[in-house]
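A.B. asks:
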Ligand SMILES: [Zn+2]
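Numbering (the working numbering), first residue to last: 144 to 251.
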């Protein structure tokens, strides 16, 4: 389970890396700024910035799931502390909240 999560995370990082690659390296964009600033600007310049945003959210979810694995709370809802059904974990291994709490969060 943990290996699958890490593989998924690595794939997402790769996709995000491709998307946020500065299109014109050395053209003066981000000149004089730290690398992190330049990366954020590269993301904001993307026309399909929504894709990068979604990948970013997915990565954060997976990182959270990996944290939970390490803490031994994997499979337990972050919001209500109830169990996350196995079927949900199989379908979405990065889940850190149960279905009810995920729905509630989407409505909020
Ligand atoms: Zn819950």
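Think of the CB as a built atom: it goes at the ideal place given N, C-alpha and C, for glycine as much as any other residue. Please read these numbers as outputs of a predicted model, since none were measured by experiment.
Of all residues in the structure, which have a C-beta closer than 7 angstroms to any heavy atom of ligand 1, taken in chain order?
C.D. replies: Listed along the chain, these residues meet the criterion: 220, 222, 223, 225, 240, 241, 243, 244.
A.B. asks: Going by C-alpha distance, which of 146, 240, 206, 193 is nearest residue 156?
C.D. replies: It is 206 whose Cα lies nearest to the Cα of residue 156.
A.B. asks: Return the chain-ordered list of same chain residues with a C-beta closer than 8 angstroms to the C-beta of residue 208, the five sequence neighbours on each side being excluded.
C.D. replies: Cβ within range, chain order: 148, 217, 236, 237, 238, 239.
A.B. asks: Kindly list the residues whose CB is nearer than 6 angstroms to the CB of residue 225, restricted to its own chain and excluding five residues on each side of it in sequence; keep chain order.
C.D. replies: So the list reads 241, once near-sequence residues are dropped.
A.B. asks: Which residue marks the beginning of the alpha helix (DSSP H) containing residue 244, and which one marks its end?
C.D. replies: Residues 242–250.
A.B. asks: What's the C-alpha gap between residue 231 and residue 198?
C.D. replies: When rounded, the distance between both Cα atoms is 20 angstroms.
A.B. asks: Have a look at 244, 250, 145, 234 and flag the residue whose alpha-carbon is nearest the alpha-carbon of residue 220.
C.D. replies: Comparing Cα positions, the closest option is 244.
A.B. asks: Could you give the uninterrupted runs of the alpha helix (DSSP H) lying entirely in the segment 193–239, keeping only those of 4 residues or more?
C.D. replies: With a minimum length of 4 residues, the continuous alpha helix (DSSP H) runs that stay inside the segment 193–239 are 229–234.
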